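Taken in order, the sequence shown gives residues -20 to -1, 1 to 304; the numbers are from mature numbering (1 follows the signal peptide of the UniProt record, and there is no 0).
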Amino acid sequence: MKTTLLISAGLMFTAATTTAQSSLSEVIQEGNRNEAAILQRGSNNSASIQQLEGYGRPTEDNKATVIQIGNGNTASQVQSADVINNVASITQSGNGNSASQFQALSAYDHTAVIEQSGYNNTAYQNQTEVFGTTSNNTALLYQSGNENEASQLQRGLSNNLAHISQYGGRNSATQDQNGFNNFAVIEQIGAHNVAVQLQRTGENNAYIAQMGNGNEHIQDQDTRSIYNGATAVAEGNDNYGYQLQISVGNTSEIYQTGDGNAATSIQSGGSWVYRSNHSNLTTQTGNYNVAETRQYGNSGVGHISTIRQTGSYNTAIIRQDNLR
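Structure representation (structure tokens):
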């Protein structure tokens, strides 16, 4: 069974091609100058593109493309309500992959791309507004391997970039951006790695790279945080890292080489009214080392700390405090 449903209105191009049996393609378009293309090869694939509104509210110049090669893949794209010049693209090669893209509610000039190859991967992208209009957000998601999971949520203002690349099996990556001019990158190679990035205001940079198995890292740039930078690189297995940044102008770097290391960095100025300007560097080379850095203060001068651990089973704790 092959089913293709096309409903269109306005100036737009629609194409749908299905090969083999039990594929379902559905395209619904209303508005101006929308484009949609679906190509499916294999069996039991399902794809849906919807670009809506158009009754006094624009959905101009949107493009949505779904390409699925393999069996049992599922793809869904929705662009609705004042979405202008947006681009959404899903490419899946393999079996049992699932991808979903959602762009809606006063969202302008967004770009969302998902590419998956392998088996049973799951990807989700959501670009929408919470209060007011969002524009120029970009979400890029690439997964190769089996049973990887990735989620990207951009729900604030403008000019955010989120990038996830995962290669291996059963990795998990989450990015949540709510603000403006944020930059977030996750790169994972191996299996059973977990990475989480939360950016809640603006002008923050976050980078996680994990190579190995069973690593976990969390970066949280809080609602009272701007102009912060967080970097984490882990090479090995079962390493853990946590970075929390509150206030303005903080920099945190964690580098782990080996197995079973744990590093924590907490930087807080208590308020974004004052600059904290804290800086810390943690380097762990070896196995089962523990490092903890806590920096508090909002005088604007900023604390500086460095931890270097070489060998195994070392423990280091630093606390720096100077609140107004």
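Each residue gets a CB set at the ideal place from its N, CA and C atoms; glycine is no exception. Please read all numbers here as calculations on a predicted model, not as lab measurements.
query, result
"Presumed contact (8 Å Cβ cut-off) between A186 and A210, rounded CB distance", "5 Å"
"Contact check, N101 vs Q134, beta carbons under 9 Å", "no"
"R288, enclosing beta strand (DSSP E) - first and last residue", "284 to 292"
"Reduced DSSP secondary structure (H/G/I, E/B, other) of V228", "strand"
"Reduced DSSP secondary structure (H/G/I, E/B, other) of G192", "strand"
"Where A296 sits in the DSSP three-state scheme", "strand"
"Status (buried if at least 16 other CB within 10 Å, exposed otherwise) for Y293", "exposed"
"Sequence-distant residues of the same chain with beta carbon closer than 6 Å to E129, five excluded per side", "T102, S152"
"Which of helix, strand or coil DSSP assigns to G76", "coil"
"Length of the line joining the Cα atoms of S248 and N66", "37 Å"
"Sheet register partners of N51 (DSSP bridge)", "N75"
"Cβ shell of N51 (< 8 Å), same chain only, five flanking positions each side left out", "G22, S23, N24, N25, N75, G76"
"Residue environment, R274, which counts as buried when at least 16 other CB atoms sit within 10 Å", "buried"
"Reference S232, options S60, S73, S285, closest by Cα", "S285"
"The beta strand (DSSP E) enclosing T265, as first and last residue numbers", "259 to 267"
"Integer Cβ distance of A214 from G240, believed to fall under 8 Å", "Actually they are not in contact, since the Cβ atoms of A214 and G240 sit about 11 Å apart, beyond 8 Å."
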